[in-house]
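Numbering (my numbering), first residue to last: 4 to 443. One structure is given below, encoded as structure tokens.
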């Protein structure tokens, strides 16, 4: 089981190094992490890091990571030792020289350090407008060029970033447009509790639990509203994609959809080019199969709801069989867990026949669902043996608490997904540093 990473705050100058106004270098010892808010491009040069379940290894490519100011911060955690030499492009000689020079000044062993390159995903003009609208008045009046003392201990210059109801402190001299390191003790951060890590390991290593190796990984996530189902699904997909090239995702929660606008049952094939490293607006994805229900609750037409799910799952089976692959699948369910809602969840489990069923239990009675009887999870009922393993996990955070301001609610998130889905250029424009300059 992976140990919980630690973060020094403020970070030392050996941990975060500013190479130039648009490039940062993170140098993290195994077990250390940095939390940040913003939208940044991340690339591992040496070692191995974890970002919400996905393990990044040395690569020549960048991965986009999103943590908008109204959402929880996200962490970059070192989880592996460095390789013999950094992975660099042929034309990155100056970067190689800078890394070597920094290592000579660092008393830590080079083999224990993961090196991560950070670049802004947005142009400074776009980000300046965002930050100026959310930063506290005091921070805006501070000199952005202020610097810390000329020693190698810690950075002293800090600023405050403020959203509605949330104030965050970051190191202004180390902030790139889109990358703002924050103190994890004073801000809400996406968590990877031991129960999530253990669940992912049991899912990825099914033979340990007595499953047949030729059966694909399959997980159904259940729980009442605001118990963290969407966050757990993202974590499981990221964790699976660390070891598999693809994972299927079946969205049955039409009120809080992950890859499409609301009101749609959808099947997606997610790969490493569409990692869910951020809220839904950051990774809208065309479905392989979709059925539009036109409502945010299955209550209006339960029969159509079940038929749509069965059609999408059949598409998954046909795709898997046609390509002869053991394609893992994660299935998210709605938060209606009483009465007819519970019957619908049982119908989904019986039809999809997953290896594992996860029950997320909230802290309050309203957010708890009764333990699922394994005998009711197979068709026909009471059939012995082949039923799924039921894992009951205490919710550590709610989907709603992924949003740390009081002005962004479920309806706002649905509107964001719809606008982003219909206007993908809005999101893609943020990834191009030249976009705002050309539109100015």
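For every residue, glycine included, the Cβ atom is placed at its ideal position computed from N, Cα and C.
query: My understanding is that residue 260 touches residue 292, with C-beta atoms under 8 Å, so please give their C-beta distance in whole angstroms.; result: No, residue 260 and residue 292 are not in contact; Cβ-Cβ is about 14 Å, not under 8 Å.
query: Straight-line CA distance for residue 179 to residue 358?; result: 44 Å
query: With burial defined as no fewer than 16 other Cβ atoms inside 10 Å of the residue's Cβ, what is the status of residue 254: buried or exposed?; result: buried
query: Just list the residues that DSSP pairs residue 103 with in beta bridges.; result: Looking at the DSSP assignment, residue 103 forms no beta bridge with any residue, so it has no partner.
query: Nearest to residue 332 by CA position, among 63, 203, 38 and 82, is which residue?; result: 203
query: Count the CB pairs spanning the segment 238-249 and the segment 412-426 that are closer than 8 Å, and state whether there are at least three.; result: no
query: Taking its Cβ as the centre, do 16 or more other Cβ atoms sit within 10 Å of residue 107, making it buried, or is it exposed?; result: exposed
query: Put residue 309 into one of helix, strand or coil per three-state DSSP.; result: helix
query: Please name the residue, chosen from 102, 382, 59 and 28, that lies closest to residue 123 on a Cα-to-Cα basis.; result: 28
query: What did DSSP end up calling residue 189 once you bin it into helix, strand or coil?; result: coil
query: Does the Cβ-Cβ distance between residue 120 and residue 46 come in under 7 Å?; result: yes
query: Mind checking whether residue 287 and residue 424 have CB atoms under 7 Å apart?; result: yes
query: From this set, 262, 258, 275 and 77, which residue's C-alpha is nearest residue 191's C-alpha?; result: 77
query: Measure how close the beta-carbons of residue 363 and residue 398 come, nearest whole angstrom, since I'm counting them as under 8 Å.; result: 5 Å
query: CA-CA distance, residue 472 and residue 321?; result: Beyond the ends of the chain as shown, which are 4 and 443, falls residue 472; an answer cannot be given.
query: Please classify residue 63: is it buried, with 16 or more other beta-carbons within 10 angstroms of its beta-carbon, or exposed?; result: exposed
query: With C-beta atoms as the reference, is residue 422 less than 7 Å away from residue 280?; result: no
query: Who are the Cβ neighbours of residue 380 in its own chain at under 8 Å, not counting the five residues just before and after it?; result: 349, 352, 353, 360, 390, 391 and 393
query: Can you give me the start and stop residues for the alpha helix (DSSP H) that residue 197 sits inside?; result: 197-207
query: Got a sec, what are the start and stop residues for the beta strand (DSSP E) residue 284 sits in?; result: Note, residue 284: premise wrong, no beta strand (DSSP E); not H, not E.
query: Let me know if residue 97 comes out buried or exposed under the rule of 16 or more other beta-carbons within 10 Å of its beta-carbon.; result: exposed
query: Hey, residue 55 and residue 193: beta-carbon distance below 7 Å or not?; result: yes
query: Which residues in the same chain as residue 111 place their Cβ atom closer than 7 Å to its Cβ, once the five residues preceding and following it in sequence are excluded?; result: 32
query: Quick check: what's the CA-CA separation for residue 343 versus residue 238?; result: 28 Å
query: If you measure between the beta carbons of residue 266 and residue 297, is that distance less than 7 Å?; result: yes
query: Note down, one range per segment and in chain order, each beta strand (DSSP E) of at least 3 residues found wholly within the segment 17-51.; result: 19-23, 26-32 and 36-49
query: Leaving out five residues before and five after residue 285 in sequence, what residues of the same chain have Cβ atoms less than 6 Å from its Cβ?; result: 69
query: Grab the span of the beta strand (DSSP E) containing residue 364 for me, first residue to last.; result: 359-364
query: Can you find the residues in the same chain that come closer than 6 Å, C-beta to C-beta, to residue 419, ignoring five residues on each side of it along the sequence?; result: 284
query: On the DSSP letters alone, give me the boundaries of the alpha helix (DSSP H) that residue 354 sits inside.; result: 343-355
query: According to DSSP, is residue 157 helix, strand or coil?; result: With a pLDDT of 43 at residue 157, under the threshold of 50, the modelled position of that residue is not reliable, and no figure is offered here.
query: Which residues share a DSSP beta bridge with residue 243?; result: Looking at the DSSP assignment, residue 243 forms no beta bridge with any residue, so it has no partner.
query: What residues in its chain sit with their C-beta under 8 Å from that of residue 365, if we drop five residues either side in the sequence?; result: 226, 227, 229, 230, 371, 398 and 401
query: Which same chain residues end up closer than 8 Å to residue 207 when comparing Cβ atoms and leaving out the 5 residues on each side of it in sequence?; result: 220, 242, 243 and 246
query: Hey, would you say residue 36 sits closer than 7 Å to residue 74, going by beta carbons?; result: no
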